[in-house]
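Once you know that position 30 of the sequence shown is 758 in the working numbering, the rest is easy, because the numbers rise by one and skip nothing.
Note sheet for the following structure.
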Amino acid sequence: MIIKGVCHVFGDNIDTDRIIAGKYTKTLDLQELASHVMEDLDPGFRSRLNKGDIVVGGYNFGCGSSREQAPLALKTAGVSLVVARSFARIFFRNSINIGLPLIEAKDHRIADQDELETDLIHGTITNLSQNAQYKGTQMPSVMVDILNEGGLTNYLKKYGAFKVN
């Protein structure tokens, strides 16, 4: 699974309340959630975000509450991938479940507006702007299959509880 996009870089410990403020989590309207993504952290983020762009975080991205609205807001806003040095485990799992790809890469030097090409299967990140490559965590094949189906619900509808290879 290859994903290309332009980066928006954030720091460490970006919690789910910074991704989508709790005051917006009462709605079921995903477009409404997406319109407020990251606004408390960076009010101009949504206006700069283009479909297919990549969010890059530092350590512990997605910490805080276990709300599924955080990855849903990112995905609905058009984010194609989240790269971070590390993820909060519940955010990581929620992202896979809703079909938002992510990759963990501890030793990257990605700058805002760099263009990346990532290969989730091989765990590689190529920074096209800096002509550099970083090793990320390889995504297990079942998680790539879940992402290819658009999330866990679609995967289970297609394959049932177990996929036979």
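Think of the CB as a built atom: it goes at the ideal place given N, C-alpha and C, for glycine as much as any other residue.
- Contact check for N822 against E796 passes: the beta carbons are separated by less than 8 angstroms.
- The three-state secondary structure of Q759, taken from DSSP, is helix.
- When Cβ pairs closer than 8 angstroms are counted between the two stretches, the stretch 733-752 is seen to touch the stretch 780-799, the count reaching three or more.
- Note on geometry: alpha-carbon atoms of L800 and N859 lie some 31 angstroms from one another.
- Q759 is positioned such that its CB atom lies closer than 8 angstroms to that of T804.
- Between I824 and I853, the C-beta spacing is not below 8 angstroms.
- If you draw a 10 Å sphere on the C-beta of R746, you find 16 or more other C-beta atoms in it, and that means buried.
- In this model, S869 and K886 are separated by some 16 angstroms (Cα to Cα).
- Spanning the alpha carbons of F773 and G888 requires a straight line of approximately 38 angstroms.
- In the DSSP annotation of this structure, the continuous segment of the alpha helix (DSSP H) that includes L800 starts and ends at 797-805.
- Annotated as distal: G739 and G806, with beta-carbon spacing of 8 angstroms or more.
- In terms of CA proximity to S794, F815 leads the group D770, F815, S763, N778.
- Here DSSP, grouped into helix, strand and coil, assigns V765 to coil.
- Straight across, the Cα-Cα distance linking A762 with L802 is about 6 angstroms.
- Just so you know, the alpha carbons of K754 and I748 end up roughly 11 angstroms apart.
- The C-alpha of L769 lies about 27 angstroms from the C-alpha of L856.
- In the DSSP assignment, N825 falls within the alpha helix (DSSP H) that extends over 817-826.
- Beta-bridge analysis with DSSP links K732 to E845.
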